Structures are given as C-alpha cells and as structure tokens.
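Q: Start counting at 1 in the sequence shown, then tack on 511, and there's your number in this note's numbering.
Let me begin by handing over the structure; questions about it come next.
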Amino acid sequence: MAETADQIHLRRGEADMGSVKRSAKITRREFVKGMTVGGAGLAAAGMLAGCAQGPTPTPCPTPVGIPEKWDKEADVVVLGFGGAGAVTAVTVVEAGAKVIVLEKAPHTGGGASSISGGFITVTDPDKVEDAATYLYTACFGLTPKEVCRAWAEEIAKTPDWLTQHGIEFMKLTGPFGGADFKNFPGASALWSIDIVPPGEQVMNKGGRVFMEWAAEYLKGKGVEFLFGTPAKELIQHPETKEIIGVWAESGGNRIAVKAKKAVVLCTGGFEANEEMIGNFIRPAPIKCVGWPFNTGDGIKMAQKVGADIWHTNILAAAGLTFVPPNSVLGYWGMGFPGPSYIWVTRYGKRFTCENPSWTMHRAFMGFDIWNWKEDQTDPRYLAIPFYLIFDEKMRQAGPIYGPATVGPTTIPEGLGGLEPWSQDNTKEIEKGWIKKANTIAELAAAIGEPTLDPAVLEETIKRYNEYCANGEDPEFGRPKELAGMGAAQPSPNLVPLDTPPYYAMQMWPAVYSTCGGPRKNEKAQVLDPMGNPIPRLYEAGVIGHSAAHVYSTFGQNWAEIMAFGRIAGRNAAAEKPWS
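So, in structure tokens, the structure goes:
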C-alpha cells in the first residue's frame, strides 16, 4: 500500500532530526549551505518546529498543496495518449518503470496522431550534424543547437526502433518527404517514412496503425489507462518545487495521481481552443481539423508551475476547411474536383492565386491580409473567412471533400468527429452548407454578407472569365495548366465559371496542430523563464515542439513525437523516486 503524504513527511522529518542530532557541531559554511540548498533546509526546519516533540509525537501537517492521500500512483505519470504519450509510455515501461496514462477523451484516445498520416522525418546516422543544422537554420536559431542535435540523433534511430517493435513503414519518394526548404544547409540529410498497415504499402493510414499497435502493446505490459480523466493541475512540492503528481478529474470526482519519479506532458496543442489561437497565432481565427480535445490544457498547467513558453506562433496548417454550424471541427482534405472556381473576400473580390499549394502546412500565412488604414470599419482579416465560388461543372465533377483516411471524419464514434461528405455534394446543398442560386446576383444575396455587393461579385467573375478566355491571369498569376501530384500530364486550370446554377461555401484557413508550448531542453525537461529545469517535469510531442518560426519538414510532428517521446521516457524513468 502506498504511503500517505503524512507518513512520507513524518519519515523524512524523523530522518532530518536524526541527522541534526548526529551533527552537534556545525560550521558557518555548513550552516549557509544548509540554508541555500533548494531553499528547503530552513523551510523544513520551520515546519518541524511546529511539530510536538514528546512521548507521543504529533505528526507534522501535510504541506499546503500536497494531497492527504493519493488515489493512484506510478513511477511515471503520462498525460495524454496521443503519439507522444504512446512513445513515452513504451519507453518508460521498457526501462522497467511503472506508468499510468491519463487521457482526456472518454474512450480510445489517440490524439491528433491517430487521425494523421503517420509520416515521419528521419535521417541517417552519419548525417546527424547536417540534420541538426537544417533544423537550427529553419528555426532562425530560436531553438538551441543542443536541442536540434538531440532531435537529429533520435530521428536517426527511429527506423530501427520501429523495426525492433515490428512496425512496418515505407520510404517516401517523389514530391513527398524530407526537408521542405531544399536550399537550406543540411536539407539533403533528411528524408521521410510513412507507417503502413501490416503487409500493405499504402500511404496515409499510419497514425491509426501506430496508435492501435501502441494500445495493444502497452496493455500487454500491464500499463493502466485512465480514459475520461483529464489532468487539471500539476502537484508541485511547495519547498522543493518538484512535480510529484497531478490532480485529475474522473467521473466528476477530483483524484490525486502520484508520480514517484516524474510527470510527462503529452497533451498536444491548442488547435481546438479559439481563444488561444487568437492570442498566439496570426492571422486568426484559424479553424481546427485535428483532435477536438486539444485545448491547451498542458500548456496552462505548465505555466502555473512556472514554465517558460516558446514557439506558440507556428502550427501545422492543413489547407482550407468548411466548418459545419455549431461544430468545433472542420473538414480536412479539400480537393477541387474541377477547376471552374475562384475565391473571394466578403467584399466579392479575388485576393490571391487559387493554387492547390494552399493545402500545405504553411497555407495559413497567406491569409495575413489586413487593412492597416485608420479609417477602416471592419477589424477582421480581409480573407478570413472567404468564399469558394464555383459552378455546376465543378459540382458534378466530384465531392468537395472526398473519402478521407485522415482528419475529423476518421475520429472514432462518440468523440466528436464529422460524418463523411456526400459524393455529389447534394446533401450539403440540402443542409444549406453550400449556397445555391441560378444567377451570380442571387448567389451574392444567398451568401448573406452585408459587405458583399452583387455587382462587385458579378464584375469579379466577368473579369476572371475574360482571363480564362485569354489564357492568362494578369491579376494573380493563376497558371493556365497545372500538374497535380503524380499526374502524368498537366490539366486545365483557368476554366470559366459559366454553367449555372452557381454555388458558394464559406471557407477558413485550417490547422491540424499547433506546435508550441512549454520550453524544453535537450533532455526534454520543461524549463522556467531563467532556463532552469522544473524538477521531475518532462514533455514530448507538439506541446513544446522543437520547431520554431515555421513548420519545415514532411513529417515534422511525428519526428518530434518519436524523438522526444523516447528522450522524455528514458529520463523520466531514470529519476530517483522522491518517496
């Protein structure tokens, strides 16, 4: 049976008194040292002074903030069962330590990792230095070199680690994989892999495959999972400042979970928290197409115990999304089944080249368009939201959002996911998600934006159609033809909107995961603003992403998961128990 906090404190107090009795003569240097070590010496003495010393000693009171009793305990407590929590827990249990995993979702868990493709950035063992140089360059030097090197050393081990655990993967070629910025130093050292189902060489299923493997593996090792148990507050010893456990909520009750060695934050980002998006990300709002339970809980808990914050201004974007009414999530995987479409602002004007590259990880940056004139009357970003305008040719060409193996439509039942998009878009028209009209003027009225003048939208489409007829877009440079990924031949891209009825959808820039939070060092220890580790507190995954300034590799989130999940797990398991 686990000791109560009172018993631990009494045992430690008796040991301290014994040492005082043995040391009858204390030098000035020893006295000063006793005062300064961790700030705990005098504090402990002060507490002991209030304890009755007699034939029947009175137990010292539990320090404020420490539970009188613990409901659960383990060597290491992992908060969050996404990819980072899974890798951390596997590493801890393989190091011989006991682990408990707390997960906010009511069942299954998996986090954003479970609805992702499972792409992982890796490098070769003899190219670690080059890989570290690339990350450091892409981060503008905002991530220390020792953290970049720790990341590079670990991603070089990832393929072997997967193989040792019987997890199959494929090397990505062609347009997929490696460094996004090919001209940065060290870029050629990076390549990418994708976890695949056993016996298959199929992309974009790796996230779910890995999480299913991890759940089965960890349960086989006797790891305890507490689903529907969100962590609420880290328990910090008031004198030593060590993180010794966590307050969580389970079944409407507050429970105390003891971490004898360490707590590891694997709670993901804040992509489903619109207030945090507004405070940390520009432009905003950006809508979530990731995990609905990722609301920045771990970041706030870390801040409360003194953590510094970094890299919260970047994210892994996921292109463009439609958000159903009253939904936290939007659809992921937008395709343009036909090219007869344009994008317009709420004023009815085009604002950019409508290019499929907007579906990539940095797409949100292109929406940073704002009217800086002091006489403006609308504080919103010009193209957030914006409107997709298309005609019947595109409607008939296929679904706006095709069948997906990733994103909110793949979230397990009961966890707030979205239903699949219809194959001909008619279901969404019937729901009113897609506005329909026989003329452009009627479509403008159906959109319902007070700022949208039907005449302006008509003129915008007339001008675009003229560009199509001339084979050139002098306004935004939209190419006449475009070759899709894997396409043998380019296809027409400047195609007029000339076939009624006409359609409109309200669209938003999308975020799959945010990439920042508590600052960490190369050991995955969470740091305070002075750069000092907060004792017994670690992190892994996107919550304190190594990436700074920009998301810069294909599979960077999973690289972070694999690298710092193992680093955090090893170091947390190696801590000496505090009790």
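Ideal placement from N, C-alpha and C gives every residue a C-beta, glycine not left out.
Because the structure is a prediction, the values reported are computed rather than measured.
Below 8 Å, how does it come out for the stretch 636-645 and the stretch 689-705: are there three or more Cβ pairs, yes or no?
A: yes
Q: Taking M1016 as part of the beta strand (DSSP E), name the residues at either end of that continuous run.
A: On the sequence shown, residue 1016 is found 505 positions in, with the first residue counted as 1. It spans 1013-1025 - the beta strand (DSSP E) in which M1016 sits, taken as one unbroken run.
Q: Are the stretch 1040-1049 and the stretch 971-983 touching, with three or more C-beta to C-beta distances below 8 Å?
A: no
Q: In three-state DSSP terms, what is A1079?
A: For the purposes of this step, residue 1079 is taken as residue 568 along the sequence shown, with counting starting at 1. A1079 falls in the helix class under three-state DSSP.
Q: Roughly how many angstroms separate the alpha carbons of A606 and V734, rounded to a whole number?
A: Here residue 606 is taken as the residue at index 95 of the sequence shown, counted from 1. Here residue 734 is taken as the residue at index 223 of the sequence shown, counted from 1. Answer to the nearest angstrom: the Cα atoms are 13 Å apart.
Q: Which one of N1082, F1075, E1071, A1084 has the shortest CA to CA distance from T632?
A: Position 121 of the sequence shown, counting from 1, holds the residue named residue 632. Of the listed residues, the one whose Cα sits closest to T632 is E1071.
Q: I972 and L1005 look like a contact to me (Cβ under 8 Å); what is the Cβ gap, rounded to whole Å?
A: Mapped onto the sequence shown, residue 972 falls at position 461. Mapped onto the sequence shown, residue 1005 falls at position 494. Rounded, the Cβ-Cβ distance is 13 Å, inconsistent with contact.
Q: Using a Cβ-Cβ cut-off of 7 Å (strictly less than) and excluding sequence neighbours within five positions of A725, which residues of its own chain qualify?
A: As a working mapping, residue 725 is identified with position 214 in the sequence shown. So the list reads A597, V601, once near-sequence residues are dropped.
Q: Report the rounded CA-to-CA distance for N824 versus G622, giving the unit in angstroms.
A: As a position in the sequence shown, residue 824 is number 313, starting the count at 1. As a position in the sequence shown, residue 622 is number 111, starting the count at 1. C-alpha separation (whole angstroms): 21 Å.
Q: The ligand NAD and G809: does any heavy atom of the ligand fall closer than 7 Å to the residue's C-beta?
A: You won't find the ligand NAD in this model; it holds no ligand whatsoever.
Q: Going by C-alpha to C-alpha distance, which of M876, S1024, K884, F1065 sits closest to D691?
A: Here residue 691 refers to the residue found at position 180 of the sequence shown. Minimum Cα distance to D691 is reached at F1065.
Q: Indicate whether T599 and C777 have their beta-carbon atoms separated by less than 8 Å.
A: Taking the first residue of the sequence shown as 1, we reach residue 599 at position 88. Taking the first residue of the sequence shown as 1, we reach residue 777 at position 266. Result yes, Cβ atoms of T599 and C777 sit closer than 8 Å.
Q: Report yes or no: do the stretch 951-969 and the stretch 819-837 share at least 3 C-beta pairs separated by less than 8 Å?
A: no
Q: DSSP has R989 in a bridge; who is on the other side?
A: The residue given as residue 989 occupies position 478 in the sequence shown. DSSP output for R989 lists no bridge partner at all.
Q: Which same chain residues, not among the five before or five after G628, have their C-beta less than 8 Å away from its C-beta?
A: Counting from one through the sequence shown, the residue named residue 628 turns up at place 117. Hits under 8 Å: D705, M714, N715, K716, G717, G718, T916, V917.
Q: Terminal residues of the continuous alpha helix (DSSP H) containing G652?
A: Position 141 of the sequence shown, counted from the first residue, corresponds to residue 652. From DSSP, G652 is part of no alpha helix (DSSP H); its letter is neither H nor E.
Q: Kindly indicate the opening and closing residues of the alpha helix (DSSP H) around N976.
A: Sequence index remark: in the sequence shown, residue 976 carries index 465 (1-based). Note, N976: alpha helix (DSSP H), 965-981.
Q: For a test of the three-state rule: what should DSSP assign to M871, helix, strand or coil?
A: Taking the first residue of the sequence shown as 1, we reach residue 871 at position 360. DSSP places M871 in coil when its eight states are reduced to three.
Q: When you compare the CB positions of D879 and R793, do they come within less than 8 Å of one another, or not?
A: Residue numbering aside, residue 879 sits at position 368 when the sequence shown is read from its first letter. Residue numbering aside, residue 793 sits at position 282 when the sequence shown is read from its first letter. Yes, Cβ-Cβ distance for D879 and R793 is below 8 Å.
Q: Which residue comes first and which comes last in the beta strand (DSSP E) that contains E905?
A: If you number the sequence shown from 1, residue 905 lands on position 394. Note on identity: in this sequence residue 905 is Met, with Glu being the wrong assignment. Here M905 belongs to no beta strand (DSSP E); instead the alpha helix (DSSP H) covers 903-908.
Q: Taking DSSP's pairing of strands, which residues face T632 in a bridge?
A: Looking up residue 632 in the sequence shown gives position 121. BP columns for T632 point to S703.
Q: Comparing C-alpha positions only, which one of L673, M812, K991 sits nearest to P741?
A: For the purposes of this step, residue 741 is taken as the residue at position 230 of the sequence shown. Comparing Cα-Cα distances from P741 to each of L673, M812, K991, the minimum goes to M812.
Q: With a threshold of 7 Å on Cβ separation, who are the neighbours of P896 within its own chain once the five nearest residues in sequence on each side are excluded?
A: The sequence position of residue 896 within the sequence shown is 385, counting from 1. Correct list, in chain order: Q1017, M1018, W1019.
Q: Under a three-way DSSP split, which group does Q887 fall into?
A: Position 376 of the sequence shown, counting from 1, holds the residue named residue 887. Looking at Q887 - three-state DSSP - the assignment turns out to be coil, as it is neither helix nor strand.
Q: Which residues mark the beginning and the end of the alpha helix (DSSP H) in which P670 is found?
A: Taking the first residue of the sequence shown as position 1, residue 670 is located at position 159. Unbroken alpha helix (DSSP H) run through P670: 669-675.
Q: Let's test the definition: count the other Cβ atoms within 10 Å of the Cβ of F721 and tell me whether it reaches 16, buried, or not, exposed.
A: On the sequence shown, position 210 is the one that residue 721 refers to. Its Cβ being crowded by 16 or more others within 10 Å, F721 is buried.
Q: Which one or two residues does DSSP pair with T1064 in a beta bridge?
A: Taking the first residue of the sequence shown as 1, we reach residue 1064 at position 553. According to DSSP, which records beta bridges pairwise, T1064 is partnered with A690.
Q: Exposed or buried, D509, counting other C-beta atoms within 10 Å across all chains shown (16 or more means buried)?
A: No information on residue 509 is available, as it lies outside the stretch 512 to 1090 that the chain covers here.
Q: Check F897 in the structure and name its three-state DSSP category.
A: Taking the first residue of the sequence shown as 1, we reach residue 897 at position 386. Three-state DSSP puts F897 in a strand.
Q: If you measure between the beta carbons of D582 and V768, is that distance less than 8 Å?
A: Taking the first residue of the sequence shown as 1, we reach residue 582 at position 71. Taking the first residue of the sequence shown as 1, we reach residue 768 at position 257. Yes, the Cβ-Cβ distance between D582 and V768 is below 8 Å.
Q: Of the choices T619, K693, F592, whose alpha-carbon is the least far from that of S1172?
A: Beyond the ends of the chain as shown, which are 512 and 1090, falls residue 1172; an answer cannot be given.
Q: Decide if the stretch 896-908 is in contact with the stretch 779-792; the criterion is three or more beta carbon pairs, one per stretch, under 8 Å apart.
A: no
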